[in-house]
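For the first sequence, numbering that gives the first Met the number 0 assigns the number 0 to the initial residue and increments by one for each residue that follows.
Every residue, glycine too, gets a C-beta built ideally from N, C-alpha and C.
Being a predicted model, the structure only gives us computed values, none of them experimental.
See below for the structure under consideration.
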Amino acid sequence: MATFALVDVNSFYCSCERVFDVRLQDVPVVVLSNNDGCVIARTSEAKALGIKMGEPWFKVRDMAQRGGVKAYSSNYALYADMSQRCMTVLSQFASSVEVYSIDESFLALDGHDPARLASLGGEIRARVLQWTGLPVGVGIASTKTLAKFANHLAKKHPAFTPAGVCNLIDVPPARLDKLLAATSTEDIWGVGRRLSARLAAQGIEDALALRDAPADQIRTRYSVVLERTILEMRGVSCLALEEVMPDRKEIVVSRSFGRPVVELHELREAVASYATRASEKLRRQAGAAGGVSVFLHTNLFNDDPRYSASTAVQLVEPSADMRELVGAACAALQRLFRPGYRYAKAGVMLLDLAPAAIRQETLWSPSLSRDPAALMRAVDGINKRMGRGTLRTAAAGQRRAWSMRRQRLSPCYTTRWQDVPMARA
DNA sequence: TCTGGGGTCCTAGGACCC
DNA sequence: TCTGGGGTCCTAGGACCC
């Protein structure tokens, strides 16, 4: 029987902020989305105040501040670096690790003494905390879906020992049934709000009823995906550990603007910036794009006149060249733009991605002596050393008055020398 | 009056995840 | 005034092919 652990960091973004500021230890902390728009991470103290996930910050700000909440703009440079440190520690505990998201990993624990799994979970927690300062939860079970559930239980029930660890393999079947019966289907990995509502309408009101529903009926009425979830809940492992992250099939860079944008030239700066960033991500996976799509829209929440549009441009041959991708994106924007609207957001998607190495050249492809890839390697190299955006296309602009608000940003403690308190002194 | 069967590819939309 | 960003997979239906 396979054994999986799911390890995740509690309130990850908030915990990262706490590591570097002891004053945040016992106070409620939230981290906001880009543009300081919504609450996307909350500590338990902030949850206790009734602050919901995804809630617009301007709606809860007054209440939150009265309650002593400290709010931060999201600092992805800090979180990405802390994530790497955490994953490095986790890799010491398992031969195979799947980094599932910025704050979660699945570990293959096969080969460990079954009697020692729970205490192993405790050791994982202790070492990650000691080496990175981040608190994690550990769920252990025979399938990935059950490991997710175990992790959920470890957070909810302080009774499991050691604290923060739940090993479902040790839980007697009758007790497991009770725990499932007390769990909403929505709290099962793979079941979202919509499916949960449809299931409830069919009389499947809790996770126990879902597990025991007839699998073939579920497949016919819903999908093979949900059938797999049910099998996994029964201990039949259908989802394997995926160690190598497959290359992205599409790359999206999009942002809401810090304020409404009316002028084409400002939109062009934004779209060129997004295309530049997207091309960096593309080259990082050694890919080339066959097409570029651009979208833009006005504010969907207020009474501004609505306009929303997208269009795609096919490239003559796949490319990872920043200049070509920015050019294509700007051409697409030109087609979409309608004057007189107050635009709120734009985005660039790179489509039809393929490995750059196997691309099909045309009769007019540049010769090797004018290798555009060499130029891009130089650009990427300089930006890596000197900071993102040091070299960019002129189209990406200088003033960038449209860029997002981040008024509550913490320092990049681990990735910028200027931001290290000691270095400033 | 009669109007096959089977396959592939593409796209849009819906659902999920963090 | 203020409402995030970036992904994946599956399915149904239409176009098209022989």
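Taking the Cα of Y78 as reference, the smallest distance to any Cα among T414, E44 and A4 is reached at T414. Between F19 and V261, the alpha-carbon positions lie close to 40 Å from each other.
Between A327 and F294, the CB-CB gap reaches or exceeds 9 Å.
The beta carbon of C13 lies closer than 6 Å to those of V28, V30, A40 and T42 in the same chain, with the five residues before and after it left out. C-alpha of A331 to C-alpha of S292: approximately 7 Å in a straight line. For the 9 Å CB-CB criterion, L106 and A4 form a contact. If you compare the alpha carbons of T184, V135, L145 and I168 with that of A162, the shortest gap goes to V135. Residue pairing by DSSP puts I250 in a beta bridge opposite L349.
Residue environment: E268 is assigned as buried (16 or more neighbouring CB atoms within 10 Å of its CB, all protein chains considered).
Annotation: V223 to D102 spans about 28 Å, alpha carbon to alpha carbon. In the DSSP assignment, T310 falls within the beta strand (DSSP E) that extends over S307 to S318.
For V88, the enclosing alpha helix (DSSP H) stretches over residues Y75 to L89.
Two segments are said to touch when three or more pairs of C-beta atoms, one from each, lie closer than 8 Å; by this definition the segment 184 to 198 touches the segment 207 to 226. In the DSSP assignment, C165 falls within the unbroken beta strand (DSSP E) covering V164 to N166. In this structure, DSSP gives K280 a helical state, which the three-state scheme calls helix.
Judged by DSSP in its simplified three-state form, H296 adopts strand. Comparing alpha-carbon positions, the option among Q417, R322 and Q313 lying closest to G290 turns out to be Q313.
At the C-beta level, L281 and L230 stay beyond 9 Å of one another. For a cut-off of 8 Å, the C-beta gap from H111 to T2 is around 7 Å, short enough to register as a contact. In the assembly as shown, D215 is an exposed residue. Its beta-carbon has fewer than 16 other beta-carbons within 10 Å. Y342 sits in a strand when the DSSP states are folded into three classes. Look at the beta carbons and you see the segment 240 to 259 not touching the segment 381 to 393: under three pairs across the two are nearer than 8 Å. Here the C-alpha atom of L179 lies approximately 9 Å from the C-alpha atom of F148. Per the C-alpha coordinates, the member of P304, L194, E16 and V419 positioned closest to S72 is E16. The three-state secondary structure of R405, taken from DSSP, is coil.
Per DSSP, the unbroken alpha helix (DSSP H) holding R174 starts and ends at P172 to A180.
Burial state of M52 is exposed, judged by a 10 Å Cβ sphere holding fewer than 16 other Cβ atoms.
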